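Take a look at the structure set out below.
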Amino acid sequence: MSKIGTHVSIAKGIELAPERAAILNCEFFQLFSKSPRGGNAKEITLEVARKFILACKENDFKPWKSNVIHSAYFINLASKNNRIFYGSISSLKKELEIANLLQIPFVVTHIGSAKDLDGDEKREDSYLKVEKGLEKVLENYTGKAKLLLENAADSGNILGNSIEEIAHFTNKFENIGFCMDTCHSFVAGYDLRKKNQVQEFFNEIDKKIGLKKLKLIHLNDSLTEFNSKVDRHDHLGKGKIGKEGISAVIETAKKKNIPMVIETKPDGVIKDIEFAKRIRDSF
Numbered sequence: 011m012s013k014i015g016t017h018v019s020i021a022k023g024i025e026l027a028p029e030r031a032a033i034l035n036c037e038f039f040q041l042f043s044k045s046p047r048g049g050n051a052k053e054i055t056l057e058v059a060r061k062f063i064l065a066c067k068e069n070d071f072k073p074w075k076s077n078v079i080h081s082a083y084f085i086n087l088a089s090k091n092n093r094i095f096y097g098s099i100s101s102l103k104k105e106l107e108i109a110n111l112l113q114i115p116f117v118v119t120h121i122g123s124a125k126d127l128d129g130d131e132k133r134e135d136s137y138l139k140v141e142k143g144l145e146k147v148l149e150n151y152t153g154k155a156k157l158l159l160e161n162a163a164d165s166g167n168i169l170g171n172s173i174e175e176i177a178h179f180t181n182k183f184e185n186i187g188f189c190m191d192t193c194h195s196f197v198a199g200y201d202l203r204k205k206n207q208v209q210e211f212f213n214e215i216d217k218k219i220g221l222k223k224l225k226l227i228h229l230n231d232s233l234t235e236f237n238s239k240v241d242r243h244d245h246l247g248k249g250k251i252g253k254e255g256i257s258a259v260i261e262t263a264k265k266k267n268i269p270m271v272i273e274t275k276p277d278g279v280i281k282d283i284e285f286a287k288r289i290r291d292s293f
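For the sequence shown, my numbering assigns the number 11 to the initial residue and increments by one for each residue that follows.
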């Protein structure tokens, strides 16, 4: 059965996250391993990792079963600024190390932005930079945790807005997977309001990336209109995608056994989890 969870806080210690997720009735959860905006990160020691894994087991979150780390916001594997480029590589390598330490199977990241293009350079020129970055992230990597690329909302020069662009990288790196965000997809130009449109969208993913590489769904409704290029999450069934579209995504996720993380505001996320479970269990 496709698991349903949400993003939880690591305030006062990452080892407290499993209990927070259990209180929300999550079946798994997503977290940041450190502040998503950068800065000095508190070291995750072997003792902290032991406490985290124990807390997962005590709250029925089995190690290596779908928990997720989301990378920091500053990641940009297309940057020409070496500090940002190599900092992004170092950060992702560290996230994979932490994921293996905490027995978390997935690390989700955005690709970055092509905003540094000069003169006659084309968007595709940024691909080579990203490929170099991904090669360095995975260089000599032997861990179990998998890196997933998340699609973006098509704002500015962000990379990874389209299925084709995500496929460019997942097809080059066999051990890199895909995390699909419903809100990002919708505002980037993939209409998900009707069941048949959702089916067409998943067919396109299967054709160009392969559903076997779709390891995670960020399940969010959209506060902004179709093709708006503006990323604003709304509660499930309450936004511009609506109940029919979100329900169709949940149905497909259940059929394909793809876990779903809800990233909506805390004041309504319990109702979102209940809604998603109710829809899932109705099929």
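Glycine is no exception: its CB is placed at the ideal position from the N, C-alpha and C atoms.
Computed from a predicted model, the values in this text were never measured in an experiment.
- Checking the DSSP bridge columns, you'll see isoleucine 168 partnered with Ser123.
- Ranked by how close their Cα comes to the Cα of lysine 205, the residues Lys67, Ala263 and Arg60 have Ala263 in first place.
- Taking 9 Å as the cut-off, the Cβ atoms of leucine 221 and isoleucine 227 do not count as close.
- Going by beta carbons, leucine 229 and glutamate 273 fall inside the 9 Å limit.
- Separation of phenylalanine 211 and cysteine 66 (C-alpha to C-alpha, rounded to the nearest whole angstrom) is 34 Å.
- Distance from the CA atom of leucine 34 to the CA atom of leucine 224, rounded to whole angstroms, is 25 Å.
- Taking the CA atoms as reference points, lysine 287 sits about 39 Å from glycine 97.
- The continuous alpha helix (DSSP H) containing glycine 252 extends over residues 252 to 266.
- The beta carbons of valine 208 and alanine 177 sit about 19 Å from each other, so the pair does not count as a contact at 8 Å.
- Annotated as distal: glutamate 145 and histidine 120, with beta-carbon spacing of 9 Å or more.
- With contacts defined by Cβ atoms closer than 9 Å, isoleucine 114 and leucine 102 do not form a contacting pair.
- Counting only the Cα atoms, lysine 239 lies some 11 Å from leucine 233.
- When the five nearest sequence neighbours on each side are left out, no beta carbon in the same chain lies closer than 6 Å to the beta carbon of lysine 281.
- With three or more CB-CB distances shorter than 8 Å, the segment 34 to 44 counts as touching the segment 75 to 95.
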